[in-house]
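Okay, so the sequence shown: first residue is 3 according to our numbering, each after it adds one.
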Amino acid sequence: MRAVLDVVMLALNLYVWLLIASAVLSWLIAFNVVNTRNQFVSTVWDFLYRITEPALRPIRNMLPNLGGIDISPIILLLAIFFIQSVIQRYIYPNVF
Numbered sequence: 003m004r005a006v007l008d009v010v011m012l013a014l015n016l017y018v019w020l021l022i023a024s025a026v027l028s029w030l031i032a033f034n035v036v037n038t039r040n041q042f043v044s045t046v047w048d049f050l051y052r053i054t055e056p057a058l059r060p061i062r063n064m065l066p067n068l069g070g071i072d073i074s075p076i077i078l079l080l081a082i083f084f085i086q087s088v089i090q091r092y093i094y095p096n097v098f
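Structure follows, in C-alpha cells:
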C-alpha cells in the first residue's frame, strides 16, 4: 500500500511542475516572448494545455470574473498541496 501512496505522491509532484510550466508558458505567450507559430512551442503549449485544462476548467467556472486575472492554477496548487499533506500526515503513517 505504501508503494501506491508513493506513486500517488510522485504523480501529484509531477502535476505541480506541469501546472507551473503551463502558467509560465502562458505568461511568455501573453507577453510575446515566445511565438506560438514555432512548431516546438506550439507542441509544448498544446501538451500542457491538454494536461492541465481538465483540472482547471471546473475551478474557472466556479470563480467570479476577476478581470483577466486567472488564479485557478494557484487554487489547484493549494488543493494539491493539501492532498499531499493529508497523505503524508494521516494516511501514510497508518499504512502497514
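Glycine included, C-beta positions come from ideal geometry on N, C-alpha and C.
Checklist entry - Within 10 angstroms of its Cβ, does S24 collect 16 or more other Cβ (buried), or is it exposed? => result When all chains shown are included, S24 counts as buried.
Next on the checklist: Could you tell me the alpha carbon to alpha carbon distance between L7 and A81, rounded to whole angstroms?
Outcome noted: 17 Å
Checklist entry - Expressed to the nearest angstrom, what Euclidean distance is found between the alpha-carbon atoms of I85 and R62? => result 20 Å
Item to check | Proximity of V10 and I73 at Cβ, strictly below 8 Å | outcome: Not a contact, by the Cβ cut-off of 8 Å.
Item to check | L21, buried or exposed, once every other Cβ within 10 Å from all chains shown has been counted against 16 | outcome: buried
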